[in-house]
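Colleague:
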Amino acid sequence: MVGSVAAERPVREMDRRSAAATSAVEAREVTKIFGGGQDMVVALDAVSLTIHQNEFFTLLGPSGCGKTTLLRLIAGFEHPTDGRILLDGEDISLLPPFRRPVNTVFQNYALFPHLTVAQNIAFGLEMLDRPKAEVRETVARVLRLVRMEDLAKRRTSQLSGGQQQRVALARALAPQPKVLLLDEPLSALDLKLRKEMQIELKRLQDETGITFVFVTHDQEEALTMSDRTAVMNRGRVLQIGAPREIYDHPSERFVANFIGETNFLAAEYLGRENGRARVRLASGAVVEASLPDADPRPGPVSLIIRPEHAGLVADPAKAVLSGRIENVVYFGTDTHYHLRLADGDRFIVRRQNTRDGGVGFAPGEELGITVGDNAAQILKD
Ligand code: ATP
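Here the sequence shown is numbered in my numbering, starting from 78 and rising by one per residue.
#1: Is the segment 224–231 touching the segment 259–271, taking contact as three or more C-beta pairs under 8 Å?
#2: Between the Cα of Phe-335 and the Cα atoms of Gln-115, Glu-365 and Cys-142, which residue gives the shortest distance?
#3: In the structure shown, what three-state DSSP assignment does Arg-401 receive?
#4: On the three-state DSSP scale, how would you describe Leu-192?
#5: Nearest to Lys-279 by alpha carbon, out of Ile-198, Asp-267, Arg-305 and Ala-265?
#6: Report the residue from Arg-243, Ile-402, Ile-287 and Leu-136 whose alpha carbon sits nearest the alpha carbon of Ala-187.
#7: Note down, in chain order, each residue of its chain lying with its Cβ closer than 8 Å to the Cβ of Ala-419, except the 5 sequence neighbours on either side.
#8: State the DSSP-derived secondary structure class of Leu-236, mapped to helix, strand or coil.
#9: So, Leu-380 versus Leu-444, is the Cβ gap smaller than 8 Å?
#10: Just curious, the alpha helix (DSSP H) that Asp-325 is in, first and last residue?
#11: Give the single residue among Glu-385, Arg-383, Glu-345 and Asp-392 whose Cα lies nearest to the Cα of Pro-373.
#12: Give the DSSP-derived three-state secondary structure of Leu-222 in the structure shown.
#13: Regarding Lys-457 and the ligand ATP, is the C-beta to nearest heavy atom distance less than 7 Å?
#14: Could you compute how far the alpha carbon of Ser-170 sits from the alpha carbon of Pro-157?
#15: Locate the beta strand (DSSP E) running through Thr-181, then write down its first and last residues.
#16: Under the three-state reduction of DSSP, which class applies to Arg-93: helix, strand or coil?
#17: So does Gly-113 have its beta carbon nearer than 7 Å to some heavy atom of the ligand ATP?
#18: In this structure, how does DSSP classify Leu-342 when only helix, strand and coil are distinguished?
#19: State buried or exposed for Gln-429, treating a residue as buried only when at least 16 other CB atoms are found within 10 Å of its CB.
#20: Should the segment 142–156 be called in touch with the segment 116–128, which here means at least 3 C-beta pairs below 8 Å?
#21: The beta strand (DSSP E) spanning Glu-109 covers which residue range?
#22: Give every residue of the same chain whose Cβ lies closer than 8 Å to the Cβ of Glu-90, excluding the five residues on either side of it in the sequence, and list them in chain order.
#23: Secondary structure at His-386, three-state DSSP: helix, strand or coil?
#24: For Asp-283, does the three-state DSSP call read helix, strand or coil?
#25: Quick one: is Phe-289 buried, meaning 16 or more other Cβ sit within 10 Å of its Cβ, or exposed?
#26: Do Leu-136 and Met-309 have their C-beta atoms within less than 8 Å of each other?
#27: Are the CB atoms of Arg-105 and Leu-163 nearer to each other than 8 Å?
#28: In the DSSP assignment, find the unbroken alpha helix (DSSP H) run with Met-302 in it and report its ends.
#29: Can you determine whether any heavy atom of the ligand ATP sits closer than 7 Å to the C-beta of His-156, and answer yes or no?
#30: If you draw a straight line from the alpha carbon of Phe-200 to that of Glu-297, how long is it in whole angstroms?
#31: Taking the alpha-carbon of Phe-291 as reference, which of Thr-215, Val-356, Phe-133 and Arg-357 has the nearest alpha-carbon?
#32: Can you tell me the Cβ-Cβ gap for Pro-252 and Leu-202, rounded? I've got them flagged as a contact below 8 Å.
#33: Nearest-angstrom Cα distance between Val-182 and Gly-166?
#34: In chain order, what residues of the same chain have a beta carbon less than 6 Å from the beta carbon of Pro-254, not counting five sequence neighbours either side?
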């Protein structure tokens, strides 16, 4: 038994590698301009990216950064002002939406309230003239997939928000699109349901093997579900990478700030020693830091330190920085200490709460801030 599993593994990994090497969707230098004159909006500014087959890919960025516009260009609801959109290597920039093997799940679900769950799912397949038996079989299959078999005959107006979301997903998956586009599909759900649906969506993507392109402004959604994420701002893609890569090594200040909480510190780059950068903090302490791709020139740099990579000690003499606690915010799993440093900068330290309560600190206390190995990172400004 063990032998057969081991024998299968290299084949599966080869499959995954070759799938990862094939692009499902490509945007090449895509620009989209709306309006003209004073009302002109550059929604996308020469955006290039490649989404691999079988990938859960997320477009993440603040409101108005161009995420939905890019999704609509892939769907065919808009056409690029410049540049090209490719699907499986073929230019589809001018193909109408119904000729693209792509389906969209919208924010508002767009279900027919007077039809049953099964009729809603069947509708699109009937429009495609699929044979009756095939429609029946597909409806049953996707209902199983989204775990809604028991509600097939219920009208969609009689469903909860989470159930409607599942029907919208089932309907979009039914014609077996090559690419499923999801435009903030979880935003109408409450927090607990949203978290459940995040896991559910990932499962659906794994089980169907369909390429998912997911739009959100919620960094947690992007980090928990995606194979890779593109962080966007003002019509441009700033960084593309796996969640861990983007969180641990943000390419620039905007990305560091947008994904998770970050402390920014002014520091002086002293140079490299044994492959590690050495920087002097405003306190005078010298610490090691990791470098961006290119070595900066010796002189002023910005440093980032994530709140969970710093610690607090009662004796400031035993730490590289010191600060006074201004606020203590309790989050259940952890506590955030907001400190004011001597030079006026703010600094947040996050400490996990333990069963025994650990050593707590109170506002007004002057404490030392320790910085873990590999915690500080020089930012490309
Ligand atoms: P949100 O998260 O708020 O949906 P987004 O990142 O999806 O934002 P887009 O909807 O892609 O942003 O919009 C990008 C920019 O293009 C915005 O400034 C928006 O106002 C503008 N825009 C989008 N569609 C149109 C349109 N049809 N006509 C004019 N401007 C538009």
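Even glycine gets a Cβ: it sits at the ideal position worked out from N, Cα and C.
Modeller: The structure says:
#1: no
#2: Cys-142
#3: strand
#4: coil
#5: Arg-305
#6: Arg-243
#7: Ala-359, Ser-360, Ser-399 and Gly-400
#8: coil
#9: no
#10: 320–325
#11: Glu-345
#12: helix
#13: no
#14: 7 Å
#15: 179–182
#16: In this prediction, Arg-93 scores a pLDDT of 46, lower than 50, which makes its location untrustworthy; no coordinate-derived value is stated.
#17: no
#18: strand
#19: exposed
#20: yes
#21: In the sequence on display, residue 109 carries Lys and not Glu. Run containing Lys-109: 100–111, per the beta strand (DSSP E) assignment.
#22: Note on Glu-90: pLDDT 45, under 50, position unreliable in the model; no value is reported.
#23: helix
#24: helix
#25: buried
#26: yes
#27: yes
#28: 296–302
#29: no
#30: 34 Å
#31: Phe-133
#32: 6 Å
#33: 24 Å
#34: Pro-178, Val-179 and Asn-180
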